[in-house]
Every structure is written in C-alpha cells, then in structure tokens.
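19 is the number of the first residue of the sequence shown in the numbering used here; add one for each residue after it.
Notes follow the structure.
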Amino acid sequence: MTVADGIWRQIFNFDDYGELLALVRNSLVAGVALGLVGGLVGVFVIMRDLPFAVHGISELSFAGASAALLLGVNVVAGSIVGSLVAAGAIGLLGSRARDRNSVIGTIMPFGLGLGVLFLALYEGRAANKFGLLTGQIVAVDTPQMSWLLGTSALVLVALAVMWRPLAFASADPEVAQARGVPVRGLSFAFMIVLGLAVALSVQIVGALLVLALLVTPAAAAARITASPVLLPALSVLFAVASIEGGILLALGSSIPISPYVTTISFTIYLVCRGAGTYRTRRWGARETVPETG
Numbered sequence: 019m020t021v022a023d024g025i026w027r028q029i030f031n032f033d034d035y036g037e038l039l040a041l042v043r044n045s046l047v048a049g050v051a052l053g054l055v056g057g058l059v060g061v062f063v064i065m066r067d068l069p070f071a072v073h074g075i076s077e078l079s080f081a082g083a084s085a086a087l088l089l090g091v092n093v094v095a096g097s098i099v100g101s102l103v104a105a106g107a108i109g110l111l112g113s114r115a116r117d118r119n120s121v122i123g124t125i126m127p128f129g130l131g132l133g134v135l136f137l138a139l140y141e142g143r144a145a146n147k148f149g150l151l152t153g154q155i156v157a158v159d160t161p162q163m164s165w166l167l168g169t170s171a172l173v174l175v176a177l178a179v180m181w182r183p184l185a186f187a188s189a190d191p192e193v194a195q196a197r198g199v200p201v202r203g204l205s206f207a208f209m210i211v212l213g214l215a216v217a218l219s220v221q222i223v224g225a226l227l228v229l230a231l232l233v234t235p236a237a238a239a240a241r242i243t244a245s246p247v248l249l250p251a252l253s254v255l256f257a258v259a260s261i262e263g264g265i266l267l268a269l270g271s272s273i274p275i276s277p278y279v280t281t282i283s284f285t286i287y288l289v290c291r292g293a294g295t296y297r298t299r300r301w302g303a304r305e306t307v308p309e310t311g
C-alpha cells in the first residue's frame, strides 16, 4: 500500500460500515436537530452581522465544557452555561457594533485560555479533550441526547415566538423601534438564543468550527434568495446536509468529523455563490440590453 492509499483509507474507509452505523444513531438524530436550529438561527446571524459573536461565544462554551469535563459533570450543561455567560455579556455590554466587537475580542482569548487550562488539568482520555475542539461523532449518549433535544426545542419555540418582530428589528431597527418594537429586548433575547445554539453545535463540530453550522449555510442560502420563506428553508437544508453528510463520511475514518462538515458546508457555499453570481450577471445583462423598434 502506497502512502497515498494509506492517507485515503484514513479519510474514507467504509469497511464494516453497517456495524459502525449503529454507533452514531444518536448523533444522526442530534444532527437533524442541530441542523434545524443552526439553519434558523444562522439567518439572523447573517442579518444582524454576528458571525464574530458566534466565534466569541464558542470560546466560552468551550471553557464551560472543559470545566465540566474536568469536574466530571455533564459536558452539555457546562457548554450551555459557558455560552450563556458569553451571550449575556455581549448582549448587555455590546449594544453598538463597535462596542460589541470590542467585548467579543476581550471574551474570546479569556475563554480560550480558560479552556486550555481546564484541559491541561484534565487527566482523562485525550480523545475527550480533542473532541471539544474538533467534534466527535459517537459522543452523544442518551443523557446528552435529552439535553440536546430539550435545548433544541427551547430554541425553536423562542424563535417561533419572536420571529416576525426579530426579523423586522434586524432588517430596519430604527423603523422597528419607532413603531414600538422592543429592539433592545429582542437583541438581548436573541443573544441568549444564539448562546444556546452555539452550545449545541459545539457538541458535534467542536468549538473551533461552529461557524460551519451557524454561519455558512445561511450565508450560502442568502447568495441565491432573499425570500423570507425560502431563505430559512434553504439554510436549514444546507445545515442538515452538512452535518449529516459529515457524520456519515467520518464514520469509517480516523479523522474528526469537523473537516467533513466544514468541507461540505463550504462546497455548498461555493456552489450557491457561483449560482448567485451567474444569475446576477445574466439578469443584469438582460436589463442593459437596449430596446429596439
């Protein structure tokens, strides 16, 4: 076997695939839930220009999960606590974009430093440490599944309640505020929802690559449609396809799940960007054709 063949088998190996598939049943179910949450939340992340906030929250989510791992308590709960602390701080201290970015830039290294400290003190399996950063496909056991599904349901209910006013406040905050929409309250509420979504995503793709679920699918969908119905539908579709495809491809390999998820997500984005550019040029060319006769 050549070196290239060895590398290929590390990346894609489908030996005993049927038996291995039973090990990720929980992860596949969790992936659907996370794709639904990530796709819907991502729409507002793009509308409100919050990709940097997603990354900042993920660092404290990582710190919370690392602390939970060190203390031997529920890792999902620790991740959620860390995310909510970061989201609350950003929501309270960062009302303006410049202030928000400064707060996030301060929180990120602090959270990452705490996470590294807790992992350095942890003496358990190295795979548990690595999984918090890059994700694990067989890490979702039954107790974690309950946390994941319960928190996902909470996020979805919150989004359903505030979808229309949040969309109005995100598209035109000044007009929304003039019409009595509680813009500041909605902004803080969405940051809490975002914190929960980040905590959920960390469990599968890891803290370093949460953007692949909460930003890229929505950004891809926004390249090909502005429809208030089609945009969230496509965002969810792209997010679910990325995470489910990543789980299935990573199943037989020795590579963490995150490279597969991010590659699928980025490929979808490139296709959508190309399609959007082609459509814009084609329609633009039609609009500039002079009328005759």
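All C-beta atoms, glycine included, are put in the ideal place defined by N, C-alpha and C.
Hey, residue i and residue j are a contact pair by Cβ (cut 8 angstroms); roughly how many whole angstroms apart?
{"i": "L54", "j": "V258", "result": "7 angstroms"}
{"i": "L88", "j": "L139", "result": "6 angstroms"}
{"i": "H73", "j": "L174", "result": "Between L174 and H73 the Cβ distance is about 23 angstroms, and since that is not below 8 angstroms, they are no contact."}
{"i": "Y278", "j": "A237", "result": "Their Cβ separation, rounded to whole angstroms, is 19 angstroms, which puts Y278 and A237 out of contact at 8 angstroms."}
{"i": "L58", "j": "P250", "result": "6 angstroms"}
{"i": "P246", "j": "S283", "result": "Not confirmed; about 23 angstroms, so no contact."}
{"i": "A244", "j": "C290", "result": "Actually they are not in contact, since the Cβ atoms of A244 and C290 sit about 13 angstroms apart, beyond 8 angstroms."}
{"i": "L46", "j": "E262", "result": "6 angstroms"}
So, for residue i: in the same chain, excluding its five sequence neighbours on each side, which residues have a beta-carbon less than 6 angstroms away from its beta-carbon?
{"i": "L130", "result": "E77"}
{"i": "W181", "result": "none"}
{"i": "G133", "result": "F80, A81, S84"}
{"i": "A217", "result": "S79, S97, I98, S101"}
{"i": "A176", "result": "V211"}
{"i": "W206", "result": "Looking at the sequence itself, residue 206 is Phe, so the reference to Trp does not match. Only G109 meet the Cβ criterion."}
{"i": "E309", "result": "Summary for E309: the model assigns pLDDT 43, below 50, so the residue's position carries little reliability, and this model does not support an answer."}
{"i": "E305", "result": "Note that E305 scores a pLDDT of 45, beneath 50, so its modelled location is shaky and nothing firm can be said."}
{"i": "L252", "result": "A239"}
Sorted by chain position, which residues of the same chain lie with C-beta nearer than 7 angstroms to residue i's C-beta, five sequence neighbours on each side aside?
{"i": "A48", "result": "V158, M163, L166, I222"}
{"i": "V307", "result": "The pLDDT assigned to V307 is 39, lower than 50, so where the model puts this residue is not dependable, and the model offers no usable value."}
{"i": "S219", "result": "L52, G56, V228, L231, L232"}
{"i": "A303", "result": "Summary for A303: the model assigns pLDDT 49, below 50, so the residue's position carries little reliability; its value from the coordinates is reported in the next sentence. The answer is none, since no qualifying residue turns up."}
{"i": "G311", "result": "Note that G311 scores a pLDDT of 41, beneath 50, so its modelled location is shaky; the value from the coordinates is reported in the next line. Result list for G311: empty, nothing under 7 angstroms."}
Check whether the Cβ atoms of residue i and residue j lie closer than 7 angstroms to each other.
{"i": "A187", "j": "A194", "result": "yes"}
{"i": "V233", "j": "V63", "result": "yes"}
{"i": "S97", "j": "A107", "result": "no"}
{"i": "S276", "j": "L227", "result": "yes"}
{"i": "L204", "j": "L184", "result": "yes"}
{"i": "I242", "j": "A293", "result": "yes"}
{"i": "I75", "j": "A105", "result": "yes"}
Ignore the nearest five residues each way along the sequence and tell me which others in residue i's own chain have a CB closer than 8 angstroms to its CB.
{"i": "T298", "result": "none"}
{"i": "N92", "result": "A86, P161, Q162, W165"}
{"i": "G36", "result": "none"}
{"i": "M209", "result": "A71, A105, G106, I108, G109"}
{"i": "P191", "result": "V201"}
{"i": "N65", "result": "Just to set this straight, residue 65 is Met in the shown sequence, not Asn. Excluding residues within five positions, the ones whose Cβ falls inside 8 angstroms are A185, S188, A189."}
On the DSSP letters alone, give me the boundaries of the alpha helix (DSSP H) that residue i sits inside.
{"i": "N44", "result": "43–65"}
{"i": "E37", "result": "35–39"}
{"i": "I197", "result": "Residue identity check: residue 197 is Arg in the sequence provided, not Ile. Taken as a continuous stretch (DSSP letters only), R197 belongs to no alpha helix (DSSP H), as it is neither H nor E."}
{"i": "L248", "result": "248–268"}
{"i": "G90", "result": "Note, G90: premise wrong, no alpha helix (DSSP H); not H, not E."}
{"i": "L229", "result": "229–232"}
Quick check on this structure: which residue in the options has the alpha carbon closest to the alpha carbon of residue i?
{"i": "G213", "options": "G109, M65, S45", "result": "G109"}
{"i": "A215", "options": "G142, G60, I242, T20", "result": "G60"}
{"i": "I122", "options": "A71, G142, P246, L135", "result": "A71"}
{"i": "G90", "options": "A196, P127, E141", "result": "E141"}
{"i": "T281", "options": "Y296, F256, P127", "result": "F256"}
{"i": "L168", "options": "L267, M65, T295, V94", "result": "At residue 168 the sequence reads Gly, which differs from the Leu that was named. Closest by alpha carbon: V94."}
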